[in-house]
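Numbered according to the numbering used here, the sequence shown spans residues 91 to 326. Beneath this line is the structure, given in structure tokens, with notes to follow.
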Amino acid sequence: MKFSRIYLNRLQGNPPPHDTVVVIDVLRSFTSAAIALSRGASAIYPVESIAEAATLANRLDNTVSVGAIGGGDPVPGFDFGNSPSYLERAQLAGKTVVMSTAAGVRGLQRYHHQARHVFATSLVCARATAAAIRAAKAREITFIITGEWVDRDGDEDIACADYLEALLLGETPDPAAFMQRVRDSDFGRRFTSGDWPNLPPADLDIAAQADRFNFAMPVHSEGEHLVIRSRPVTTL
């Protein structure tokens, strides 16, 4: 296997990925997505534009909207903010989730059309994602790091990429070190600072749990939309 990385918010001249793309958003989009799917949501539609997400949510049946803007504030008028701890208490069985976020969703929208396989992931389903990548017989894996911004080091996502790469290389990494990096990242520390009311510590507690779920989150085009569904796997 060959590995490369693209940092979503950098100007860079990387060649476009063509085999397998893994879009990582630990804090919080794809942790929230995993929680929603574990709560019985049937599918997640990642939509970059808030207006388009609201329109799609109104058009589909049995739908809830999830989204955040800026530093993590909920999108006005949406059913839920991008908060895994809130979604963990929500009644989502059989629901379709329309999700709009500034990082993870944007990464999917930007790179999905260039690859043979696309996965959304976070630490909570990292080992399952590695197993799904192996099962897909991936040859070249490109990790899309979405959490690095001008005021954030993005190490929560880099840690997840490091963990995935170690697993795919057949190593036996200790997940505790990567879990701690999520907590110690620039963005992770905001959840415990007490200065960000829409970044509850409970979200960080969930996001820093490695391998909580035994499903991957492959992403497919269905008509004009991207759709994330859970795929149970036998983990490495």
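All C-beta atoms in this analysis are idealised placements derived from N, C-alpha and C, irrespective of residue type, glycine included.
Exercise for the section: Answer yes or no: do ALA123 and ILE248 have a C-beta to C-beta separation smaller than 8 angstroms? Expected result: Their beta carbons are not under 8 angstroms apart, which means ALA123 does not touch ILE248 by this criterion.
Practice task
Can you say whether ARG229 is buried or exposed, counting buried as having 16 or more other CB atoms within 10 angstroms of its CB?
Solution key: That one is exposed.
Practice task
Determine the contact status of ALA125 and ILE235, defining contact as a CB-CB distance below 8 angstroms.
Solution key: The question names Ala, but residue 125 is Ile in the sequence shown. No.
Exercise for the section: Evaluate GLU246 with the Cβ neighbour count: other Cβ atoms within 10 Å of its Cβ, from every protein chain shown; 16 or more gives buried, anything less gives exposed. Expected result: Counting Cβ neighbours within 10 Å, GLU246 comes out buried, since at least 16 surround it.
Problem - Burial state of ALA133 (16 or more Cβ within 10 Å) - result: Buried, since its Cβ has 16 or more Cβ neighbours within 10 Å.
Exercise for the section: Taking PHE277 and ALA218 to be in contact with their CB atoms under 8 angstroms, please state how far apart those CB atoms are, rounded to whole angstroms. Expected result: About 23 angstroms separates the two Cβ atoms, so there is no contact after all.
Handout entry: Sequence ranges, alpha helix (DSSP H) only - wholly within the region 123-188, length at least 4
Key = With a minimum length of 4 residues, the continuous alpha helix (DSSP H) runs that stay inside the region 123-188 are 140-149, 174-177.
Handout entry: Sequence-distant residues of its chain with Cβ nearer than 8 angstroms to ALA192 (five each side left out)
Key = So the qualifying residues of the chain are ALA158, ILE159, GLY160.
Exercise for the section: Inspect the beta-carbon positions of ALA222 and PRO308 and report whether they are closer than 8 angstroms. Expected result: Yes, the pair counts as a contact, with Cβ atoms nearer than the cut-off.
Problem - GLU230 - DSSP class collapsed to helix/strand/coil - result: If DSSP states are grouped into helix, strand and coil, GLU230 belongs with the strands.
Problem - Beta bridge counterpart(s) of ILE235 as assigned by DSSP - result: In DSSP, ILE235 forms a bridge with TYR97, ILE114.
Problem - First and last residue of the uninterrupted alpha helix (DSSP H) at PHE268 - result: Run containing PHE268: 265-274, per the alpha helix (DSSP H) assignment.
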